[in-house]
Amino acid sequence: MLTAMPSGTKGVSIAVLATVVLTAAACGGSAKKAAPAPSPMSSASGSVASSPAAADTAAASRLSKLLLTDADDAGYTYDASQDGTGVTSTQDVVTTGGSVCQSFVDAQEALSTKYGTTAEVDRRLTKPNDAHTIQSSAMAFPSADKAAAMIADLTAGVKGCKSLSLTQGGTTLSMQPSAIPELTKAGQVGYIDYLTAGGSTELMAADLVQVGTTVSVVAIDGPLTNDPAALQQMGGTQLAHLSDVQVGRLKSAQGPS
């Protein structure tokens, strides 16, 4: 589960949440009015390929049918027309943190030049009067080994990367990943991350699970908090449940192994 961070600690999350964080600051601290954005595994810097030729559109269409919907968590809604598709093909280079943090960033973005990612679909679900956002994504890889390599690199990065920074669109982002032990095991990695951008900070909890040649990603992001109940809900019960739902769909779609 999530544990409270020391009061006043600068927190970090993942690069894609920069737009959400900056919008939250402009809206007085609430991210609920932020425009739809890609999921945690996509880059906010424009390195996500938008050309259909850059990804397997048929695979993306299949993946989109397996993502979370408004039926999976009461009160949350989404707009399928705003789903993001395309794979990340350009590396976001870290300015601090070293090679282990670079590997972490490459893995969290499922960098296609490293893992051969063939398709990715990202969905954002929001709830009225609630600053928390659910991010639902799925990626396809050319082999189970490539999917496993991404999870392995992300797991190593969460353990070894204590803090990093990078620059996207002229904005400096700071991140500090930390593992969620209950969600970290073979083929799975759960972690929390705090993102500071433009003087505003957001908290994110994510769970990634390999399912054959695909990877399921479910994340919840929202305002920085030290409330134990909110942290347990965000990084424990709600996240684990939604992740199980999406993983179950991917397993059913792939059939018996």
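If you count by mature numbering (1 follows the signal peptide of the UniProt record, and there is no 0), then the sequence shown holds residues -26 to -1, 1 to 231, one letter each, in order. Note that CB positions come from ideal geometry on N, CA and C, so glycine has one too.
Note to self: My output table needs one value for D104: the three-state DSSP class, helix, strand or coil.
What the structure shows: The sequence position of residue 104 within the sequence shown is 130, counting from 1. Residue state, collapsed to three classes: strand.
Notebook entry, point to check: A(-12) to P116, Cα distance in whole Å?
Noted result: Stepping through the sequence shown from its first residue, residue -12 is reached at position 15. Stepping through the sequence shown from its first residue, residue 116 is reached at position 142. Bear in mind that a pLDDT of 36 at A(-12), under 50, signals an unreliable position, so the model cannot answer this.
Notebook entry, point to check: Cβ of Q82 within 9 Å of Cβ of G131?
Noted result: Within the sequence shown, the letter at position 108 stands for residue 82. Within the sequence shown, the letter at position 157 stands for residue 131. Yes, these two residues count as a Cβ contact at 9 Å.
Notebook entry, point to check: Which parts of the stretch 157 to 182 are runs of the beta strand (DSSP E), unbroken and 3 residues or longer, counting only runs that do not cross its ends?
Noted result: Fully enclosed beta strand (DSSP E) runs of 3 or longer: 162 to 171.
Margin query: Closest to T92 by C-alpha separation, out of A126, V183, M113, T107, would be which residue?
Written below: The sequence position of residue 92 within the sequence shown is 118, counting from 1. Out of A126, V183, M113, T107, M113 has the C-alpha closest to the C-alpha of T92.
Notebook entry, point to check: What does A118 pair with, by DSSP beta-bridge criteria?
Noted result: Your numbering for residue 118 matches position 144 in the sequence shown. In the DSSP assignment, no residue is bridged to A118.
Checklist line | Inter-stretch contact (C-beta, 8 Å, three-pair minimum) for the stretch 157 to 166 and the stretch 176 to 184 | finding: yes
Notebook entry, point to check: What first and last residue would you give for the alpha helix (DSSP H) that runs through A32?
Noted result: Locating residue 32 in the sequence shown gives position 58, counting from the first residue. 31 to 38 is the extent of the alpha helix (DSSP H) around A32.
Next item on the list: Take L40 and list the residues in its own chain whose beta-carbon comes closer than 8 Å to its own, dropping the five residues that flank it on each side.
Entry: The residue labelled residue 40 in the question sits at position 66 within the sequence shown. Its chain contains A112, Q220, R223, L224, A227 as the residues whose beta carbon lies nearer than 8 Å to that of L40, once the 5 sequence neighbours on both sides are disregarded; these appear in chain order.
Check: Out of V68, G229, V74, which has the shortest C-alpha to C-alpha gap to T187?
Finding: Counted from its first residue, the sequence shown places residue 187 at position 213. Selected option, being the one with the closest Cα: G229.
Check: Quick one: what's got a C-beta closer than 6 Å to K101's C-beta in the same chain, skipping five residues either side?
Finding: Along the sequence shown, one-based indexing puts residue 101 at 127. Excluding positions up to five away in sequence, the list reads G49, Y50.
Notebook entry, point to check: P151: which of S139, I166, Q162 sits nearest, CA to CA?
Noted result: The residue given as residue 151 occupies position 177 in the sequence shown. The shortest Cα separation from P151 among S139, I166, Q162 belongs to I166.
Checklist line | Residues near A45 in its chain [Cβ-Cβ closer than 6 Å; skip 5 each side] | finding: Residue 45 sits at position 71 when you count from the first residue of the sequence shown. Result list for A45: empty, nothing under 6 Å.
Check: Under 9 Å between the Cβ atoms of R97 and S38?
Finding: To locate residue 97, count along the sequence shown from 1; it is residue 123. To locate residue 38, count along the sequence shown from 1; it is residue 64. Taking 9 Å as the Cβ cut-off, R97 and S38 qualify as a contacting pair.
Next item on the list: Could you tell me which residues DSSP puts in a beta bridge with M149?
Entry: Indexing the sequence shown from 1 puts residue 149 at position 175. In the DSSP assignment, M149 forms a beta bridge with L138, L169.
Check: Alpha carbon to alpha carbon, what distance is there between Y168 and P197?
Finding: Mapped onto the sequence shown, residue 197 falls at position 223. Mapped onto the sequence shown, residue 168 falls at position 194. Those two C-alpha atoms are separated by around 10 Å.
Margin query: Is the separation between the beta-carbon of V185 and that of L42 shorter than 9 Å?
Written below: For this step, residue 185 is matched to residue 211 along the sequence shown. For this step, residue 42 is matched to residue 68 along the sequence shown. For V185 and L42, no; Cβs fall outside 9 Å.
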